[in-house]
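For reference, the structure discussed in these notes is given below.
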Amino acid sequence: MKIAPSFLSCDFSKFGEELVRMEKAGADWVHLDVMDGHFVPNITFGATVIKWGRPYTKLPFDAHLMISEPHRYIKDFADAGADIITIHVECDSDIDETLDLINSFGIKAGLSVKPNTPAEAVFPYIDKLYMVLVMTVEPGFGGQSFMADMLPKVKQIKDFAKSRGKDIIVEADGGINENTIGDCKQAGIDVCVSGTGVFKAESAEIAIQNLR
Ligand code: DX5
Ligand code: ZN
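If you read the sequence shown in the working numbering, its first letter stands for residue 1, the second for the next number, and so on.
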């Protein structure tokens, strides 16, 4: 299982150092939460900030776009050095067109479902996807409680992908810590995002080891 610290909880006055710190602490991916204050009731950062961070680490950049019109900005995130770009199935852009655009840049495409969206919502797009991101909190903020009732979505998604002869990665995001990661593992999650669980710990290295 991969661990992807969510930089939503990092100290952005030293973003570069935080990237180096997480790589040294054993992170597998860098999870970057982009919010537009419209798709979710919070604003974070965009492609420019991601570009500033890119030289500090070779770890894959996993950009989670919680924005209403991702299609307009895919090129910016591609140019900024994102390795995986995940959009929400609930967004206002055309999903097929946006996934095609991501894939056209040679970037891995992800599709995410909010807690109230059924797993079936991603099925029509499965052939275009590298990853499905199952939200285990309502997107918008770090530090919320894990919703264990989202986990059955993982098997539904993996079973459907398998029936299409496809292996798919499933990522879970929100409320993952030492107490909840066991359920994620059991459910077959491949990548666990953890924000406050890693960044608010005294030692990120120990926190990541404990999650593993
Ligand atoms: C929520 C974000 C998450 C969040 C996770 O909208 O997508 O990545 O930062 O934070 P924790 O681990 O604190 O729930
Ligand atoms: Zn996220």
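For each residue, glycine too, the CB sits at the ideal point set by N, CA and C.
Verify whether the separation of the beta carbon atoms of residue i and residue j is less than 9 Å.
i           : j           : result
residue 59  : residue 28  : yes
residue 84  : residue 63  : yes
residue 134 : residue 112 : yes
residue 46  : residue 73  : yes
residue 19  : residue 142 : no
residue 190 : residue 35  : no
residue 12  : residue 50  : no
residue 174 : residue 138 : yes
Note down, in chain order, each residue of its chain lying with its Cβ closer than 8 Å to the Cβ of residue i, except the 5 sequence neighbours on either side.
i           : result
residue 188 : 154, 155, 158 and 170
residue 117 : 89 and 90
residue 94  : 71
residue 211 : 3, 176, 177, 178, 181, 192, 194, 197 and 198
residue 52  : 15 and 16
Alpha carbons only, please: which of the options is nearest the one belonging to residue i?
i           : options               : result
residue 114 : 25, 74, 179 and 39    : 39
residue 136 : 183, 1 and 129        : 183
residue 14  : 99, 197 and 56        : 56
residue 41  : 20, 2 and 68          : 68
residue 71  : 30, 118 and 98        : 98
residue 86  : 172, 185, 202 and 151 : 172
For residue i, verify whether its CB is less than 8 Å away from any heavy atom of the ligand DX5.
i           : result
residue 38  : no
residue 213 : The structure shown has nothing for residue 213, since the chain only spans 1 to 212.
residue 211 : no
Under 8 Å: does the beta carbon of residue i sit that close to some heavy atom of the ligand ZN?
i           : result
residue 174 : yes
residue 33  : yes
residue 193 : yes
residue 19  : no
Check the DSSP bridge columns for residue i and list the partner residues they point to.
i           : result
residue 2   : 191
residue 112 : 88 and 133
residue 71  : Looking at the DSSP assignment, residue 71 forms no beta bridge with any residue, so it has no partner.
residue 35  : 66
Please work out which residues of its chain come closer than 6 Å, Cβ to Cβ, to residue i, disregarding the five sequence neighbours upstream and downstream, and give them in chain order.
i           : result
residue 25  : 204, 205 and 208
residue 23  : 57 and 59
residue 54  : 81
residue 161 : 126 and 168
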